[in-house]
Structures are given as structure tokens and as C-alpha cells.
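Below: the structure, in C-alpha cells.
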Amino acid sequence: MPNPIMSPDPVVSPDPTPNNAVEKHASKLHCLSGQKLFICLNKKCNHRKFSQFSPLALLLLDMSALGSVEPLSCSVTTPRERAAQEYLQSASRVLTRQQLQDVALNTQALQVEFAEIPMNFVDPKDLDIPSHGTKNRYKTILPNPHSRVVLRIRNTNDPLSCYINANYIRGYLREDKAFIATQGPMINTVNDFWQMAWQDNCPVIVMITKLKEKNEKCVLYWPEKRGIYGKVEVLVNGVRECEHYTVRSLTLKQSGQSRKVCHYWYTSWPDHKTPDSVGPLLQLMTDVEEARHALDACGPIVVHCSAGIGRTGCFIATTIGCRQLRLEGVVDILSIVCQLRADRGGMIQTGEQYEFVHHALSLYESQLSAETSR
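Each step along the sequence shown adds one to the number in numbering that gives the first Met the number 0, with nothing skipped, and position 63 is 62.
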């Protein structure tokens, strides 16, 4: 084997095959100022520091120039990943009211624009939670680590006790935790769902799916009258049937405290499609905003469908866009969707849903114009 090369840059073997043992142990190394870091990557390497591995080559890095004590980070961001993050942070197309009306009719242009937005899905390797798959409704839809909701009740015997497939979503002014986007509860995550609603003081829950659409989309996670889910007691105080959704007035109790919560169950969204009319969604959005103000709670609004990204993304994007239109007279739907995807990958799943958001905001703009002309 050739002598190791002293260089400030890593010199690697042409063999790109990953080695889990090297990655596992290298991730635990700490580099001190004035020291040298040895990493073996060669199958025939007999270096005494790495004799327990079967690696691929030997790297010798002189770390003396660092001048500080820092852990070695083994995370690597590819140029494609960097470009995707830059796009999500900077993409923008501000539309005036008239431009919004015109753009909403240009289906082809919207499809092209939508296709350019990075999905920002999570690599399972980036979610360092053992056995988290048992709490995910879909194995490819995972919570982005930086914004995921962490349950505060921890059981040292259960590493999954703090895990829920949910993300905090920024709002109109990019304020943190305006919404929580989450998957439809599963039989083994119902307690987690109610614990999340309690710990984050959530005033409103918006459910945009049926319990079953060909396959199960969500379990029935609320009681008919009274139920206890983990440490949270849920009481149903009343039910109001509207044309397109059902409203339940709930009381949540825990540790001698109680809170009011409104639950909206929107059932008029067809499976794998978008609604024929955007009017019911706008009415739902208006009712949710009124309920949030009436309850005077500062917590995020919980929104879920089945996976927690498609219909959920449409509702949140429309809510943010309507507020921007109302307060600024313009709307930046591209930037809104990019912000949502930065917080939870895959938000607004299809080009059809992207069009639907434009149509909803176009109708809302028409309603605003009609109000101001009176």
C-alpha cells in the first residue's frame, strides 16, 4: 500500500463502495487542534488504529490548522442538495391581482413551474430514530428533521416515545409554528396525536380525508362522547353538520387543566383528485380562522390528510396566500409552496393540486374585489 499523502484535502480511493464500519466509527472521532486524523478505507490496510475494520483506503488528514476543538462531521451535502435548498429559499414570483387571474388560467405554465420545485423528501438515513417506521403511515413520507415535532413525554424504555410524523410549518410572515402538518393518525399513534395537540396548545384540528378511500387513510381517533388517549382526556361537547364538513367542539383535559379545541372534518375532497369547486375549501378556511380567533389560543393549527402533504399542503398554502392577498394586495404562491416544502418535504404533491391552489386564490381575489367595490 502506498504511503499516505499529507494534504489539507481528503485523498480517496477510486473505489466508491461504502463501508458501514468505517462510517460508523469515523462518525465518533473527534479531531483536536494539532492532531492528525487517520481514516482507513483499504481492504488490505493493517494500520494499528483500524485493524478491527476491513476498509478501502487510508487517509491522513493534518488537522493542526483548525485551531479549535470540534467534532468531525460526516454529513455531506451534494451540489444537487445545495441547489435544491437554495431554490426553496429564494424562488419567488410575486403576482398582482390581475396577474393572478391570468396565471390561474395558464395550466401549462403552472405545470412547468411546479415541476421545477424540489420535493425535499427525507432520506431515511437522516432520521436517526430507531424503528421509526412503525409509526409512519407511508414509508417514504417522513418528517424533515429540522422542523419535526418532538413529543415531550419521553419513556427511557421506548426510544419512539418522543416521535410523531409531524412538522411545524411557518406562516404568512414566516413565523415559526403557525401550523402543524401531520399524517392521519394510525391505531398505534392516536395517543401521540392527542399528546401533540395538548403540548402545543393547538386550538383547531383540520382533517381533510375520509377514514377510508379504497384503503385506510386515517383511523377514527376521537370518541363519540368521551375517551382517554394516553394522558389526554377528550370530550365531545357538540357536533355541527355543514354541507361539506363536520365541526366538533371538544374539550381536552390533562393534569387538572382543560382546553377547548375545534375539530373540522372536511369530507368533500375526492380521492386522488381535487375538488370541482374551490368554494367549500375557502369557506372552511374562513371558519377555521374565526374559530382560532374565538378560542384565543396561540398554538399552531393542526392540519392532516392521510400522508400529511397533499391536501394538507393545499389548505395551508391557500390560507397563507389569502392572508397575503388581503394584507398586501399581491401573492407569491411559488414562494409559499417552497417555504412549505422546506418545512415538510412533498407539500402539495401534484401539478393538479398546484393549479387548485391558484384557482382558490383567484376566486378569493375576486371575492375581495367584490367587497371593496361595494
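Note that beta-carbon positions come from the ideal geometry of N, C-alpha and C, so glycine has one too.
To the nearest angstrom, how far is the alpha carbon of GLU242 from that of LEU210? 18 Å
Rounded C-beta distance between LEU294 and CYS321? I'm assuming under 8 Å. About 20 Å; that fails the 8 Å criterion.
How many whole angstroms separate the CB atoms of VAL111 and VAL205, which I take to be in contact at a CB cut-off of 8 Å? VAL111 to VAL205, Cβ: 30 Å. No contact.
So what's SER267 in DSSP terms, helix, strand or just coil? coil
Alpha helix (DSSP H) segments (min. 4 residues) lying fully within the stretch 258–321: 278–294
In terms of alpha-carbon separation, which member of GLU370, GLU351, ILE315 and TYR363 lies closest to GLN107? GLU351
Where ILE128 and VAL149 are concerned, what is the direct C-alpha to C-alpha distance, given to the nearest angstrom? 12 Å
Are LEU362 and LEU283 touching if we call contact CB-CB under 9 Å? no
In chain order, what are the residue ranges of uninterrupted alpha helix (DSSP H) at least 4 long that sit wholly in the stretch 325–349? 332–342
Around the C-beta of ARG169, are 16 or more other C-beta atoms found within 10 angstroms, so that it is buried, or is it exposed? buried
Along the chain, where does the alpha helix (DSSP H) that runs through GLN253 open and close? Not the alpha helix (DSSP H): GLN253 falls in the beta strand (DSSP E), residues 244–253.
Please list the terminal residues of the continuous alpha helix (DSSP H) segment that includes LEU234. Where LEU234 is concerned, there is no enclosing alpha helix (DSSP H), although the beta strand (DSSP E) it sits in stretches over 231–240.
Residue burial classification, LYS213 (beta-carbon count within 10 angstroms, cutoff 16): exposed
Beta-carbon contacts of ARG81 that lie in its chain and below 8 Å, excluding the five residues immediately before and after: none
Compute the distance between the beta-carbons of LEU324 and GLU364, then report whether it is under 9 Å. yes
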